[in-house]
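Counted from 1, the sequence shown has number 103 at position 103 by the UniProt record's numbering; the numbering is strictly sequential. In what follows, a structure is listed as structure tokens, so that the remarks can point back to it.
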Amino acid sequence: MDKHVYLPILKENLDASANKMGLPAGGFYFQHDNDPKHTALDVKLWMLYNITHLPTPPQSPDLNPIENLWAYLEEKIREHNISSKTLLKQALLQEWEKIPEEMCRILVESMPRRLTAVCNNNGYGTKY
């Protein structure tokens, strides 16, 4: 995926996804990492004028709880017998929909502890 794929995904899906989660339009902070597609100039400009963005320090998986969800999803996907891209896509969508809401809540609520741990460790990696 590159910026040409990523930006239309944001434009077409971000508000609908926020709405599905019960978040009011413009009533949330959006975070992504420093992947080149996220830091492309046209993506930055669109975000500047359209959403409230939470900047992310470089190389900071401790402050990015989506990494925990990706690990969980990867573990769940390994339980499937996948032999094609189509089956992989089906399994990913199925398992994504089954991610427990409680897990997401716990990850969000862990952010103050994550921030404190990173500060206490002078910016270096933590248990998260």
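Where is the CB? At the ideal position from N, CA and C, for every residue including glycine.
Are the beta-carbon atoms belonging to residue 124 and residue 114 less than 7 Å from one another?
-> no
Which residues in the same chain as residue 104 place their Cβ atom closer than 8 Å to its Cβ, once the five residues preceding and following it in sequence are excluded?
-> 69
If you run the structure through DSSP and keep just helix, strand and coil, what is residue 53?
-> strand
With residue 39 as the anchor, note down where its alpha helix (DSSP H) starts and where it stops.
-> 36-39
Quick one: grab the DSSP three-state call for residue 124.
-> coil
At a cut of 8 Å, does the stretch 33-43 reach the stretch 3-18 through at least three beta carbon pairs?
-> yes
Where do the N-terminal and C-terminal ends of the alpha helix (DSSP H) with residue 63 fall, by residue?
-> Premise fails: residue 63 is in no alpha helix (DSSP H) and is neither H nor E.
When DSSP builds the beta bridges, which residues end up paired with residue 72?
-> None; residue 72 has no bridge partner.
Close Cβ partners of residue 95 (< 7 Å) along its chain, the five nearest in sequence each way excluded | 73, 76 and 77
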